[in-house]
Amino acid sequence: MTDLTPLPMAEARIKLSHLEENIRHIRQWTGEKLRIMGIVKANAYGHGVHRVAETLESAGVSDFGVANIQEAIALKTGGALKKPASILAFSSPLEQQIDGYLQHDIEMTVCSFDILSAAGEKAAAYGKKLAVQVKVDTGMGRLGLQPAETMELLRKINRSPEIELKGIYTHFAEGSKPEGYTGRQLEEFRSLVTQYESESGTTVCKHAASSGAILCRKDAWFDMVRPGILLYGYLPDPCMPSPIDVTPVMQMEARVVFIKTVAQGSSVSYNRTWRAPESRSIATVAAGYADGYPRALSNRGSVVINGKSCPQVGTVTMDQIMIDLGKEHDVKTGDKAILFGWEGPTADDIAGSIGSISYEVLCSVSN
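Residue 75 in numbering that gives the first Met the number 0 is what sits at position 76 of the sequence shown, and the numbering runs on without skipping anything.
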């Protein structure tokens, strides 16, 4: 029977074999004994959380980090995870969301006394313990109490029979820079957890290193590391040295849907921001800013068609871009244009052209 499924105009191809290679290289670098938390927030950085989580689980990962309780529940109930797994939601929860953590056995980030008190009351009502991890602010300035206040929070947790402490963690503001501020944050964190373990007589899972510190601060690894952008094939800073190789997991492609010749002086796209310096062939490609190709890339980007790099010209529109094929070419309608990925410009290339970062480029890709 003939397959009548329409050919996709634009698609993000996800190469899970590259993800497998990346996690293998990370594990070879950090060692087999260190726990790895796979960061799969924001739909696994736009890569599709369920397939990514399934692949990571097959590679031995049993800890996962997501942004919030909604993402955590979607991962827990989506069917991708076949084995017991720990899922930590990084966001500080609202009191109304605590039930979700208890109902679905999600680890909750605690960084305020009010939330801790509310969590204890809810857990008592459910007749079960609530697993939590404490976030300490050592200098990121986003979530978490200062170390001295965090110590008081930890003492209160130890006095709360309804609360089970699963970990203590922090986040570096400049994790790709091993010295200076990162070093000061690390010492703040080390001092806090040392004091806590000494005072309580217990040990707890400690983690601080996301992708940058995984590469450049072995002394920040503690008990677990949290690779995010590394999993998906990019360095947190494209200029930093890396002891491991990673390969992009996502490739964004779109089809050439129209080709025409424009005369010298003809303008292309909205606001006439580009005019042909001479007679040129212009291809229209079926992807635009609604698909995750940034409008800020107008007249700055390039794509690869049939192995040749071709400049993008004119303003990027919602669902189409125009490509300068030059005077002579072998392109025809239906050909693929590689917007970014392992065979074309990278997300780093795009980010560098628009003053952004690879994270934003990847997460901007729609379903």
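From the three backbone atoms N, C-alpha and C, an ideal C-beta is built for every residue, glycine too.
Hey, out of S278, Y180, I167, K217, whose CA is closest to E106's CA? Here residue 106 corresponds to residue number 107 of the sequence shown, with the count starting at 1. With distances taken between Cα atoms, E106 lies closest to I167.
Beta carbon of C238: closer than 7 angstroms to some heavy atom of the ligand MN? This structure lacks the ligand MN; in fact it carries no ligand of any kind.
Burial state of Y44, where buried means 16 or more other Cβ atoms lie within 10 Å: By one-based count along the sequence shown, residue 44 stands at place 45. By the 10 Å Cβ count, Y44 comes out buried.
By how many angstroms is the C-alpha of R183 removed from the C-alpha of G138? As a working mapping, residue 138 is identified with position 139 in the sequence shown. As a working mapping, residue 183 is identified with position 184 in the sequence shown. Taking the straight line joining both Cα atoms gives about 9 angstroms.
Should the stretch 100-114 be regarded as contacting the stretch 176-191, the criterion being three or more beta carbon pairs within less than 8 angstroms? Contact fails: fewer than three Cβ-Cβ distances are below 8 angstroms.
Does the separation of the CB atoms of V135 and L144 fall below 8 angstroms? Here residue 135 corresponds to residue number 136 of the sequence shown, with the count starting at 1. Here residue 144 corresponds to residue number 145 of the sequence shown, with the count starting at 1. Inclusion of V135 and L144 in the CB contact set at 8 angstroms is warranted, their separation being smaller than that value.
Tell me, which residues are paired with Y168 by DSSP? Residue numbering aside, residue 168 sits at position 169 when the sequence shown is read from its first letter. Beta-bridge pairing by DSSP links Y168 to K134, H206.
CA-CA distance, D348 and P310? Numbered from 1 along the sequence shown, position 349 holds the residue referred to as residue 348. Numbered from 1 along the sequence shown, position 311 holds the residue referred to as residue 310. The straight-line gap from Cα to Cα measures roughly 13 angstroms.
Taking 8 angstroms as the cut-off, decide whether the C-beta atoms of A295 and S278 are in contact. Numbered from its first residue, the sequence shown carries residue 295 at position 296. Numbered from its first residue, the sequence shown carries residue 278 at position 279. Going by C-beta atoms, A295 is not nearer than 8 angstroms to S278.
K331 to V303, Cα distance in whole Å? Taking the sequence shown and counting its residues from 1, one reaches residue 331 at position 332. Taking the sequence shown and counting its residues from 1, one reaches residue 303 at position 304. Those two C-alpha atoms are separated by around 14 angstroms.
Report, in whole angstroms, the separation of the C-beta atoms of G313 and V267, which I expect to be a contact under 8 angstroms. Numbered from its first residue, the sequence shown carries residue 313 at position 314. Numbered from its first residue, the sequence shown carries residue 267 at position 268. That belief holds up - the Cβ atoms of G313 and V267 are roughly 4 angstroms apart, short of 8 angstroms.
Can you name, in chain order, every residue of its own chain whose Cβ lies under 8 angstroms from the Cβ of G47, other than the five neighbours on each side? Counting from one through the sequence shown, the residue named residue 47 turns up at place 48. Listed in chain order, the non-local C-beta contacts of G47 below 8 angstroms within the same chain comprise I13, local neighbours out to five positions each way being set aside.
Limits of the unbroken beta strand (DSSP E) element including E252: Taking the first residue of the sequence shown as position 1, residue 252 is located at position 253. From DSSP, the beta strand (DSSP E) with E252 extends over 249-261.
Since M150 contacts L191 with CB under 8 angstroms, what's their CB separation in whole angstroms? Position 151 of the sequence shown, counting from 1, holds the residue named residue 150. Position 192 of the sequence shown, counting from 1, holds the residue named residue 191. In this structure M150 touches L191 by the C-beta definition: roughly 6 angstroms separates them, less than 8 angstroms.
Spatial neighbours of A66 in its chain, beta-carbon cut-off 8 angstroms, leaving aside the 5 residues before and after: Residue numbering aside, residue 66 sits at position 67 when the sequence shown is read from its first letter. Here the set comprises K40, A41, A88, F89, S90.
Might you give, ordered along the chain, the residues of its own chain that have their beta carbon closer than 6 angstroms to the beta carbon of F188, omitting 5 neighbours on each side? Residue numbering aside, residue 188 sits at position 189 when the sequence shown is read from its first letter. The answer, listed in chain order, is T137, T169, A207.
How about M8 and A336: do their beta carbons lie closer than 8 angstroms? Locating residue 8 in the sequence shown gives position 9, counting from the first residue. Locating residue 336 in the sequence shown gives position 337, counting from the first residue. No, the pair does not count as a contact, with Cβ atoms beyond the cut-off.
F188 - containing alpha helix (DSSP H), residue span: Here residue 188 corresponds to residue number 189 of the sequence shown, with the count starting at 1. Segment 180-199, the alpha helix (DSSP H) holding F188.
Is the CB-CB distance between M317 and A11 below 8 angstroms? Walking along the sequence shown from the start, residue 317 turns up at place 318. Walking along the sequence shown from the start, residue 11 turns up at place 12. Contact: no.
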